[in-house]
Every structure is written in C-alpha cells, then in structure tokens.
Amino acid sequence: MGFDERHVLPSLRLMPYDRLILVAGRDTFRSAGFRRLKALEPELRTVRVDPFDLTDALESIREAVRRAAAEGPVRISASGGTKILTNAAILAAFQEGVETWYCDPEPVRLPVLCGVRIGAAFSAAERAIARALHSPIRHDRLLAVIRDQGFARRTVLGAVHSLAAKGLIELEGEAGGVLVRPSPRFALFRDHLREVPKKA
Amino acid sequence: MTILFGTLGWRPQSLLPSIRSTENLERVVFYHSDHAKSRDARSKVMDFCRSLGVTATAVEVSDAYDLLHVAGQIRGDIRKERAAGADLRFNIAGGTRLMSSAALLVCILEGIPATYVHDETYQEIPLPLLRISYGEGLTPKQREVLSFLVRNRDKDFTETALAKALDVHKATMNHHVRELESKGAVARLSDPHDARRLIVKVAPGMDLLIG
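In order, the protein sequence lines correspond to chains H and E.
Numbering-wise, my numbering comes out as the position in the first sequence, counting from 1, plus 12.
Numbering-wise, my numbering comes out as the position in the second sequence, counting from 1, plus 1.
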C-alpha cells in the first residue's frame, strides 16, 4: 500500500480473506489512508519495509508470506505502493509459489504456479555444489568433493552444467583445467539453495 | 552480442546506466508510454544511443494500462530476438508501475537477466531471476494439457474428453489434472447443465505461462 488505500480496497472487495497483512513503508503507516483502512479492519497486521529498496522489500515479503502460510492459505494483491514494492511482491509471489492478483482496477491473476517454490528448481546435487562453492575452484576438485558426498560422477557433471545454464556459476578454461566460479548472481540465490525441499 | 531491453518513464537516467554497462551491446529496445514527458525521455535516450553508435528502437506502448496486453507484447519481442540467437537483458526500472511489472513478469517467465536502477544513486541492481523458463515448473505432459486447454478455452472438456483428445488413459489424465489443479493452473467446475459432470477450466492468467 502507498499513501492512500485506493489500490487496496478493490482487492479487499474482490478477494475473500480471513486475515489481512499490509506491507508498506514507514510513511504509509502515518497516512490518513492507513488510518481509514485500520478503522475498516481492526485486526489488520502490518509489515514495515523500505519501499524504495527492492532487496529489503523482497526479503520482508517472503518472510511475511512464509509466516502467514504456516497459518493457512495465502494470496497476494500486488498492485499498491511504490513500483519497487509492487515488483518485490511479484518476485516474492513467484519465489514462494503464492496465488497473486494485480488489481488496477480490474483484477488480473498472475500466472504463478501455487506451491512451486524457486528452491524446487535445484536438485540435491546442485545444492551440494552450492554449499561447497565459496570461491573459484578447479572443476576436478569440485567433482571430487561432491562425489565424496555420495553423488555419481554423471549426476555432478549434470548439476554443474545445470547451474551454469541457470546463470549461477561460470566455467572458465585455464591452464591445466577448468575453473568453476560463482557468478555475481549466485549470492542472490544462496538462501534458496540452502533450503531443503519438502517431500510431496 | 547483447540486446538490452528496457522500460522508460519520464527519466532517461533510469535506462542510461544499463546502456553504459552492457558489454557487447548491439541494440537497445525500449518501451515507453504516449505521455509527452515519456516522449521527451525517448528522444534523450535515442540521442545517447546515437552518440555511442548503438542502434535503438523505441516502442510506444499504446495501452500502458493493461498488464497482460503489455506483457504479451514484450514477450513476443523477446521471443523473436531470442530465436535469432541474441543474448538478452532487461532493465525494468522505468515506465509506469504497470509497464515495469509487465516487463518483470516476462523476465520471470522467460528467465531473462533483469536489473533495476536505484532512484537516487542510479546504481544498477540485479534481480534474483534464474535463466530458466518458469513453465519448466510443469512437466512436459502437464504443459501439453494446459496448452490444449488454453487453445480450446471456449470449449468445455471433462477429464474423460480431455483424455480422449490427448490420447491418454483417463486415470493418467486424472493425475495430470489433479497436479495442475494443485498448482492453481486449472479448476474443475460443475457443469451448469449437468451437476454430475466436472468441466476442466484454465485458471485466468495461465495463457501467459504457456505463451
């Protein structure tokens, strides 16, 4: 939500809910729009973020979604607040696999696959590589380290190529072998790579 | 060679850092609205590209207030360039909220590396997106069922009719439909004319997932 409740109200009217959690910046919580909304919804819970910092907003929304998901089904309305806050909400929705709507003013459902979290895109071998990869390492050394954890050679080779295709590692030829290095984007996914997917 | 895509609002500064930082930049394609200030910004970006000797294509988005329409348009352009073998990246910092969100949606669905530019520092910040198509969250068979339902959106299919149309056993189709339903991609609704029949319908927005 931004400074007024105009983008929130259509969502409240169109989507049934039991609990309402509002994500916004500090100034929003001092606005008349927020006071009006609070009067309508006394049980309203709030999550404060920096609405101009996408990374902060994304992490806060992901955390709020996870906590709320432990209590019941979650649905996101992503059309209020700053452009950065909206984009953070959309990213969080796709990363956490949460049904998401964009109401501006007509509701549009975004094609999020419910329950499919971004962590599901990584195999066990890819996670093992990510845990072992902190700095550039020779390909054969990495292979040996991961194979020691019980993975087959072919599985590890496939996982290395898969991580490279996803843009998370870079393979670099050097004298006497290939060097595997984390890409600049690797750090953005460290949390997701650490997660252990739930069994179906 | 890389093609940089971008969304542009009133401030060229939201796009220029990406034009400067993109290695092997071959071309810039950017989307803007028909607002006078947005057209001014377009001229500045075009001048800047000209000064660097980089080709630029400005696309005026006719209906900048329809998320799916804008996303569909951007996605079509992205797929065309990708099919031609270009490396792509996207700056989603500029433009209206809707235009920027539409671009983000396309980047997520297509696995395009994307950045935004900080409003005050003009620093480029990479977004946490994987270079994989989001549709890979479905199995090939689930994608086939969903594509079929999207193509035949105006018709009603029961699970049995779907199984027949796609030449699979109805128990197999039941499994695929249940999986798709659990992911929110389809819904099974009662037939208004025969309450015993369940019609399988695509959830709204899934057209974009299939492309």
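Ideal Cβ positions, reconstructed from N, Cα and C, are used throughout, including at glycine.
Rounded to whole angstroms, the Cβ separation of Ile158 (chain H) and Leu106 (chain E) is 35 Å, and the two are not in contact under 8 Å. Taking a C-beta distance under 8 Å as the contact criterion, Ile33 (chain H) and Ala90 (chain H) do not qualify as a contact pair.
Neighbourhood of Arg202 (chain H) in chain E, by CB distance below 7 Å: empty, with the nearest CB roughly 10 Å away.
Taking 4 residues as the shortest admissible run, the stretch 24-99 of chain E contains the following complete alpha helix (DSSP H) segments, listed from N- to C-terminal end: 37-53 and 68-84.
Within the same chain, no Cβ atom closer than 8 Å to the Cβ of Ala82 (chain H) is found once the five residues on either side in sequence are excluded.
For Leu89 (chain E), the closest Cβ of chain H is not nearer than 8 Å. Less than 8 Å divides the Cβ of Phe31 (chain E) from the Cβ of Ala59 (chain E). The distance from the Cβ of Leu66 (chain H) to that of Leu56 (chain H) is about 24 Å, inconsistent with a contact at the 8 Å cut-off. DSSP places Cys115 (chain H) within a strand segment (E or B) once states are collapsed to three. In the DSSP assignment, Leu34 (chain H) is bridged to H:Thr58. Straight across, the Cα-Cα distance linking Arg21 (chain E) with His170 (chain E) is about 56 Å.
Below the 9 Å Cβ cutoff, chain H contributes no neighbours of Leu26 (chain E), its closest Cβ being approximately 18 Å away. At a cut-off of 8 Å, the C-beta of Gly127 (chain H) has a neighbouring C-beta in chain E.
Rounded to the nearest whole angstrom, the CA to CA distance from Arg43 (chain E) to Arg80 (chain E) is 23 Å.
According to the DSSP assignment, Arg202 (chain H) belongs to the alpha helix (DSSP H) that extends over Arg202 to Arg206.
What Pro205 (chain E) touches in chain H, judged by beta-carbon distance under 8 Å, is Val120 and Arg121, going in chain order.
In this structure His194 (chain E) is exposed. Its beta-carbon is surrounded by fewer than 16 other beta-carbon atoms within 10 angstroms. Boundaries around Pro127 (chain E) are those of the beta strand (DSSP E), Glu125 to Pro127, since no alpha helix (DSSP H) includes it.
Collapsing the DSSP output to three states places Lys202 (chain E) in a strand. With respect to chain E, the C-beta atom of Thr98 (chain H) has a partner C-beta closer than 8 Å. Boundaries of the alpha helix (DSSP H) harbouring Ile73 (chain H): Leu66 to Ala81, taken from the DSSP string. Taking a C-beta cut-off of 8 Å against chain H, the contacting residues of the stretch 179-195 of chain E are Ser183, Lys184, Gly185 and Ala186, listed in chain order. A direct Cα-to-Cα measurement between Ser147 (chain H) and Gly45 (chain H) gives close to 49 Å.
The alpha carbon of Gln14 (chain E) has as its nearest neighbour, out of E:Asp208, E:His119 and E:Gly54, the alpha carbon of E:His119. For Glu137 (chain E), there is no enclosing alpha helix (DSSP H), as DSSP gives it neither H nor E. Contact check for Leu205 (chain H) against Arg129 (chain H) fails: the beta carbons are separated by 8 Å or more. With a 10 Å radius around the Cβ and a threshold of 16 neighbouring Cβ atoms, His173 (chain H) comes out exposed.
As the crow flies, the alpha-carbon of Ser101 (chain E) is around 12 Å from that of Phe6 (chain E). In the DSSP assignment, Gly170 (chain H) falls within the alpha helix (DSSP H) that extends over Arg165 to Ala177. Tyr117 (chain E) has a beta carbon lying within less than 8 Å of a beta carbon in chain H.
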